[in-house]
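Counting in my numbering, the sequence shown runs from -8 upward without gaps.
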Amino acid sequence: MKALIINDLQNDFHPAGLAPVPGSDALPDRINALQKDFDLIIGVRFWMPVDHVVFAGNHLWRKPGQSIRFEKLDIELKEMFCVADSFGAEWMMGLDTSRMRQVLDKGTDPLVPPYSAFRDIRNRPLGLSDLLRASGVSEVVLAGVNFEDSLRHTLEDAKEEGFKAVLIPDAVAGLSESE
């Protein structure tokens, strides 16, 4: 069975959002059209508390774009984005979420930067692999926003977990030319 994973298609990544990703505004219609081809659809989103370590405003005299060393990790500080329960963290307007069986949240631990849909940067699982296996999934198809390379990391982690994994380029925003 194949599953569609919709990654980070949130208002803050809209070209008019706080962390704009060019081309993301075209994705809701494209992804809506894909959904009919899948029995299992999972949404993955940033859902970060206001006191998250990656937000520059939580560090004295720091600005977005600067880096800090935190518990042996180099972290590039960001403007606040996708704060839990905010408009920016909601699914991008126009995306049909009615067929999502599950929504997984990334970045919920204020002391751990998000990484992929499968695990956080400390290698702690987020539950996606177990959910996919329990549902009989052998192949995952990825669509959505590649903010901070989270979609690329998700693709790599899916393969590492033993799933066949593909990305649909027409349903992704934020990839570099080489990807």
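For each residue, glycine too, the CB sits at the ideal point set by N, CA and C.
- When the Cα atoms are used, MET83 and PRO11 turn out to be separated by approximately 12 Å.
- Boundaries of the beta strand (DSSP E) around ASN(-2): -7 to -2.
- For ALA134, the secondary structure class from DSSP, reduced to helix, strand or coil, is strand.
- For GLU67, no alpha helix (DSSP H) run applies; the uninterrupted beta strand (DSSP E) run containing it begins and ends at 64 to 67, by DSSP.
- 8 Å or more divides the Cβ of HIS144 from the Cβ of SER89.
- SER15 carries a helical assignment under DSSP once its states are collapsed to helix, strand and coil.
- Taking all protein chains in view, the Cβ of GLN1 is crowded by 16 or more other Cβ atoms within 10 Å, so the residue is classified as buried.
- Less than 8 Å separates the beta-carbon of ALA(-6) from that of SER126.
- In this structure, PRO13 and ALA134 do not form a Cβ contact; the two beta carbons are roughly 16 Å apart against a cut-off of 8 Å.
- A check of alpha carbon separations from LYS97 across ALA162, ASP87, VAL45 and LEU166 identifies VAL45 as the nearest.
- The residue among LYS155, ARG92 and PRO104 with its C-alpha nearest the C-alpha of SER129 is LYS155.
- Contact between ARG110 and PRO104 does not hold, since their C-beta atoms are separated by about 12 Å, which reaches or exceeds 8 Å.
- Apart from sequence neighbours up to five positions away, the residues of its chain that approach ASP65 with a beta-carbon distance below 7 Å are SER58, ordered along the chain.
- LEU123: member of the alpha helix (DSSP H) spanning 119 to 125, first to last residue.
- Nearest neighbour of ASP148 by Cα position, chosen from GLU81, LEU166, SER120 and ASN137, turns out to be SER120.
- In terms of Cα proximity to ILE159, the closest of GLY153, GLU139, VAL131 and THR99 is VAL131.
- Using a Cβ distance threshold of 8 Å, PRO101 and ASP42 count as a contacting pair.
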